[in-house]
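Everything on this sheet refers to the single structure shown next.
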Amino acid sequence: MVGHSRNWPVIAGLGLISIPLLVMYIYLFVDTVTDSPAGSVLPNRFTLEHWRFLTEGIEGKGNIWKVTLNTAIFASVTTTVVLLVSSMAGYALSRLNVPMRRYFLAGVLMLHAFPSVTLIIAIFLILQMVGLYNTLIGVILVKSTLELPLGIWIMKGFYDTVPWEIEMAGIVDGASRFRVWRSLVLPQVQPGIVALGVFSFLAGWSEYVLPQVLAPSSNVQVLSVYLASLIADDQHFDFNLFKSVGMFYIIPVIILYIFFQNKLMNIYGGGIKG
Amino acid sequence: MSVSARLGILFLAPALIFVTLFFFAPVVLTGVFSFTNMSTATGITGGAYQVTSNVLRQLADEGFEKSTLDRLGAKSYVVSAQALVVATTEGVVDKAVLVELESKHLGKTYQSRRDFERFLKKLKNRPRSTRDLKKISPYFRASLMGQRFESEEVLFAMLASLDLGLPDPQMRHVARASYTGWVWGTGNFKRMFSLGDNLRVLRNTGIYVVATLLLFNTGFALVLAIATFYLPGRHSAFFRGLWLLPRITPPVLYVLLWKWLAWDTGFINTILANFDIQSRNWMLDTGANAWLFVVLINGFVGASMGMIIFASAIKAIPQTMLHASEVDGANRWQQIRHIILPQIKWPIMFITVYQTLSLLTSFEYIWLSTDGGPGTSTEVWALAAFHAALDNYWGNLQYGYGAALALVLVVIGVVMSLIYLRLFNFDALITRPRIEQ
Amino acid sequence: MEIVVKGFTKHFGDTAVIENMNLTVKDGEMLALLGPSGCGKSTTLFAICGIHKMDAGQVLFGDRDVTHVPAQQRNVGMVFQSYALYPHMTVFQNIAFPLTVRRESKVDIKRKVMEIADLVYIGELLERRPAQLSGGQQQRVSLARALIRRPGVLMLDEPLANLDARLRLEMRSELRRIQQETGIAAILVTHDQVEAMSICDRIAIMDQGKILQIATPAEMYQRPVNSFVAGFLGDPPISFLDGVVRQGILVLQGDADDTIPLPEHISGQPDGKVLRLGVRPEHYQPHFPTKVKGAVVFVEMQGREILFDVKLSNGDLLRSVQAASSQFKLGDTVEWGVDPAQILVFDDHGTRL
Ligand SMILES: Nc1ncnc2c1ncn2[C@@H]1O[C@H](COP(=O)(O)OP(=O)(O)O)[C@@H](O)[C@H]1O
Ligand SMILES: [Mg+2]
Chain D
137 MVGHSRNWPV IAGLGLISIP LLVMYIYLFV DTVTDSPAGS VLPNRFTLEH WRFLTEGIEG
197 KGNIWKVTLN TAIFASVTTT VVLLVSSMAG YALSRLNVPM RRYFLAGVLM LHAFPSVTLI
257 IAIFLILQMV GLYNTLIGVI LVKSTLELPL GIWIMKGFYD TVPWEIEMAG IVDGASRFRV
317 WRSLVLPQVQ PGIVALGVFS FLAGWSEYVL PQVLAPSSNV QVLSVYLASL IADDQHFDFN
377 LFKSVGMFYI IPVIILYIFF QNKLMNIYGG GIKG
Chain U
156 MSVSARLGIL FLAPALIFVT LFFFAPVVLT GVFSFTNMST ATGITGGAYQ VTSNVLRQLA
216 DEGFEKSTLD RLGAKSYVVS AQALVVATTE GVVDKAVLVE LESKHLGKTY QSRRDFERFL
276 KKLKNRPRST RDLKKISPYF RASLMGQRFE SEEVLFAMLA SLDLGLPDPQ MRHVARASYT
336 GWVWGTGNFK RMFSLGDNLR VLRNTGIYVV ATLLLFNTGF ALVLAIATFY LPGRHSAFFR
396 GLWLLPRITP PVLYVLLWKW LAWDTGFINT ILANFDIQSR NWMLDTGANA WLFVVLINGF
456 VGASMGMIIF ASAIKAIPQT MLHASEVDGA NRWQQIRHII LPQIKWPIMF ITVYQTLSLL
516 TSFEYIWLST DGGPGTSTEV WALAAFHAAL DNYWGNLQYG YGAALALVLV VIGVVMSLIY
576 LRLFNFDALI TRPRIEQ
Chain L
16 MEIVVKGFTK HFGDTAVIEN MNLTVKDGEM LALLGPSGCG KSTTLFAICG IHKMDAGQVL
76 FGDRDVTHVP AQQRNVGMVF QSYALYPHMT VFQNIAFPLT VRRESKVDIK RKVMEIADLV
136 YIGELLERRP AQLSGGQQQR VSLARALIRR PGVLMLDEPL ANLDARLRLE MRSELRRIQQ
196 ETGIAAILVT HDQVEAMSIC DRIAIMDQGK ILQIATPAEM YQRPVNSFVA GFLGDPPISF
256 LDGVVRQGIL VLQGDADDTI PLPEHISGQP DGKVLRLGVR PEHYQPHFPT KVKGAVVFVE
316 MQGREILFDV KLSNGDLLRS VQAASSQFKL GDTVEWGVDP AQILVFDDHG TRL
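Chains as they are written, first to last, in our numbering: chain D, 137 to 410; chain U, 156 to 592; chain L, 16 to 368.
Spelled out as structure tokens, the structure:
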């Protein structure tokens, strides 16, 4: 049903609308390794100068490696929490005779759509009251919670596809429900765990609002906040530098994206189709 | 309780704890905070009582007598019976002095510490050293101004020592007016409904949601899904991959790329310079341009979710249906109108509800790009709440007022996510567990 | 070990799926649970092995009342229609799983797995994963896993349904061989009467949650309790003729011309009573005495035999199976006979008289 002659107007149309994206992402890379003369968009020389911040740091800013480490800790701990909690809760909702299971599931679905940013004011005050304001732990807890409804929903979807017979065989073979979950069911939902893990890691890695609002102090700074403060700071107004830091920031994202594109597609589609 | 029920509760417990702490508690507390006047000034814990010139001005407005207020505001030293009792019991001051003050000078008033201490020096039983003398005066200080009282009782005791003769209700009135901590009230809502700016913010929110939703989150998402459906694999993979990029790019970096496009020294200006067009910040120079960028920035991110869902829905349409229509001689446009669009009616509905909700409450990209500017031309409701409570120029963060603004969104969120729930065939989702343990 | 199910009742929501069922599986026997799809066979198995709770009734394993014992402690072996192998484990790990759960020693596990693998002929497959096995091999692995800890009873839920025709025959006899070698009582759930008749000691036939009859295959074939059982067993199936009694003779419905004398043991039926006759294809043959006339409307060559459908003048059908040498053709008018001794007679409730 695909006639090539009819495709070029479509490609041209899509291409036209995609121009801003293409320009932005191509120049994101190009500008980090070149210089362009003032008033021109065509680079005239190759340079690694914009990457000096990796070794020399940026004046008046924290150590980029420390910030990167914070970001990695933030993203990976969040991922771990989300995976642990959702793989347990998702199983309970998919397979166990929990009282009021119906309502729990409705709750998860509602929270899945519920706009969590609206809660940030109250969360800010709660963290202040319990003394977790300005700590990485506080942001991790909040970020994990906000990712949970989607995580539980996704995991439930994956558990739903595991044949009941495998579990039945397991308990007839003498394994407890817990053992059945751990040894027999969990391995079947590994693709879900990988997908959700990558998704949560990226979500944590990219998060800006929560760390900026809930942990602005410099010793728990993450890359998003670091980059934002760099841009906000008039003293170093240098797009090549911004982009280099940005490129440094986005490299892990791109790598994960290339490897897990198809799995991510599903989750970015809201995990509606388990 | 059955084995699996117990295990189930155990398995749900962590999720329940997290969700209770950071979902339900915030929802409830948003409601609670919105009925307070919490701000940086009041703090979020308790407060104290402090009569300041502001308080006096307020009391004057509320009809207190001038003479009373003068007394409240006056800095004076009074030989009062009460002060004598306190001083006697504490025993720091020589008894003889106090006895003399009580017997001969009760009720005398002095306007300053210097006057009072000069008077003390003339006493028969005056202290020998200046240091001892200085210890006496604080007991007789009768001014309220600037003093912090940790509780209402202490404040009342102080008022009583001034011998103002205030009736109880008025005392409590003074206490209320001088309290520095937060208090309950519906002031936030009165303010929310009376502030003309909010009408503008409301209109902005409408424009933002409708434009982004129609143009991109459903509109262009549909175009992308349908176009890539007809394109050969290589091309469709390219466009889908490209349009998912904004979604996975960290927001700070993504907005930075737009800024580079739009700012004074950015890409657009560099190109336009060749045509002798004055360089300017396209993102912030006029309200209209700011809107253009706000919609583009959000729309380029938002198109991907719809694209993915629509694409998979289109893929699920039975091939035979499409083939049949081709045999019937339908061209692509007719195929799209009469087969594809009706078949993906539900996904479109679903995306519309979901995205309306998330657009209505999102502010991250606007915050990072225009921050509501220029002026307040792109300030949307969620951003206004955020600005009021957590990020404003004046430094006095108004948590209570921000919470009231956010409460509006929370209520909309609850209602719309209930609608969202209705879009699911819920009974199909909860089949009865087949292992009964 | 003898398995006894007493008064078993099961509801799903408002619908009663099983009502007051009684069933005994004798030690060492292979019992078929036969019935159409959805009649409650799997539900019965699940109740016996403890996956489902019973709303009422008891299950006894020998002297032990296991009604409230969890599935994990009942020591039953189960083979599922889909085999339910654990996809992430090797064949060895699959078979060893029941022992691993019981924390048996590595040496014991290895020895037992080898033994059972030899019994079911899968010794060379132990390092493979389920996805690398054919259907028949998966079936054998599943059987080995069910047998490895010497279960009190072996339950097979439609074990042959997913195999192609040839493998089905092969595995059918294998199941029987292995069951007999181990001597474990077994319940074979199936909706295929040939399967049930060919390898089981006894058959329990079910319909709509009730057991209609428990008997040996031959007994059940020859003396079905009712027309449902008679219709369910036999391939090609039995033909039914409806009619009314007139002076000891059955006048077929619709057309008063066709009559069939009632067999001797059914004598004394009052006039006007509605009855149904069942005639198996092997009992409607050219040489039998009680003649019934009709036209051949369908002929199916089955190799060794030929199947004929004969349409009577009232429109009813009678089937006949004859040797392939038979010369009759489509359209022939024939007057073949029914063996009067073999006619099954049912009353208007379907109960055999
Ligand atoms: N978990 C369940 N919930 C509701 N009805 C069920 C459930 N399991 C089985 N049934 C119903 O019980 C009847 C018997 O099912 P089953 O025992 O699986 O039949 P089969 O004889 O084909 O194995 C069927 O009508 C089926 O629809
Ligand atoms: Mg079944």
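Note that the Cβ used here is the ideal one computed from N, Cα and C, for glycine as well.
Remember, it's a predicted structure, so these values are computed and weren't measured experimentally.
Shortest gap from the CB of L:Asp172 to any heavy atom of ligand 2: under 7 Å. Nearest CB-CB separation between L:Tyr101 and chain D: below the 8 Å threshold.
Legend: CB atoms of the region 53 to 69 of chain L lying less than 7 Å from CB atoms of chain D belong to residues Cys64 and Ile66. Residue side-chain check: L:Thr58 places its Cβ nearer than 7 Å to a non-hydrogen atom of ligand 1. Counting C-beta pairs closer than 8 Å gives three or more between the region 205 to 215 of chain L and the region 178 to 193 of chain L, which meets the contact rule.
Per DSSP, the beta-bridge partners of L:Asp80 are L:Leu75. When C-beta distances to chain L are compared with 7 Å, the residues of the region 294 to 312 of chain D below that value are Pro299, Glu301, Ile302, Met304, Ala305, Ile307, Val308, Asp309, Gly310, Ala311 and Ser312, in chain order. Cβ neighbours of L:Gln262 within its own chain (closer than 8 Å, five residues either side excluded): Asp286.
Short of 8 Å from the beta carbon of L:Val360, and not among the five residues preceding or following it, lie these beta carbons of its own chain, in chain order: Leu277, Pro278, Ile281, Leu290, Arg291, Leu292, Gly293, Arg367 and Leu368.
The beta carbon of U:Ser391 sits closer than 6 Å to those of Thr383, all from its chain and outside the five residues before and after it, given in chain order.
Of the residues U:Met571, U:Leu397, U:Phe190 and U:Lys259, the one whose Cα lies closest to the Cα of U:Tyr509 is U:Met571. When rounded, the separation of the alpha-carbon atoms in U:Val174 and U:Phe188 is 19 Å.
As summarised for the region 269 to 313 of chain U, the continuous alpha helix (DSSP H) elements at least 4 residues long and confined to that stretch are 285 to 295, given in chain order.
If you look at L:His206, you'll find it isn't in any alpha helix (DSSP H); DSSP assigns it neither H nor E. For D:Gln324, a Cβ of chain L is located within less than 8 Å of the residue's own Cβ. L:Gly72 has its CB no nearer than 7 Å to any heavy atom of ligand 1. Straight across, the Cα-Cα distance linking U:Thr531 with U:Leu538 is about 10 Å. The contact set of L:Met16 on chain D, defined by CB atoms closer than 9 Å, is empty, because the minimum CB distance reaches about 16 Å. Chain L has a Cβ within less than 8 Å of the Cβ of D:Arg315.
DSSP lists L:Thr30 as the beta-bridge partner residues of L:Phe27. Contacts with chain D at 8 Å (Cβ-Cβ) include L:Val116. Remark: C-beta atoms of U:Met460 and D:Gly405 approach each other more closely than 8 Å. Counting only runs that start and end inside the region 438 to 506 of chain U, the alpha helix (DSSP H) elements of at least 4 residues fall at 442 to 470, 474 to 482 and 487 to 490. By the rule that beta-carbons nearer than 8 Å mark a contact, D:Leu286 does not touch chain L. U:Ile585 has a beta carbon lying at 8 Å or more from every beta carbon in chain L.
For U:Gln498, no chain L residue has a C-beta closer than 8 Å to its own C-beta; the minimum C-beta separation is roughly 32 Å. The alpha-carbon of U:Leu239 is positioned some 11 Å away from that of U:Glu255.
Contact annotation, L:Gly346 with L:Ala310: C-beta distance approximately 7 Å; criterion of less than 8 Å satisfied. Interface criterion met: the Cβ of L:Met93 is under 8 Å from a Cβ in chain D.
CA-to-CA, the gap between L:Gln342 and L:Val314 works out to about 11 Å.
Counting other Cβ atoms within 10 Å of its Cβ, L:Gly77 stays below 16 and is therefore classed as exposed. Boundaries of the alpha helix (DSSP H) around D:Phe337: Gln326 to Ser342.
In this structure, ligand 1 has a non-hydrogen atom nearer than 7 Å to the beta-carbon of L:Gly50. Contact between the region 56 to 65 of chain L and the region 89 to 96 of chain L is present: 3 or more CB-CB pairs across the two stretches fall below 8 Å.
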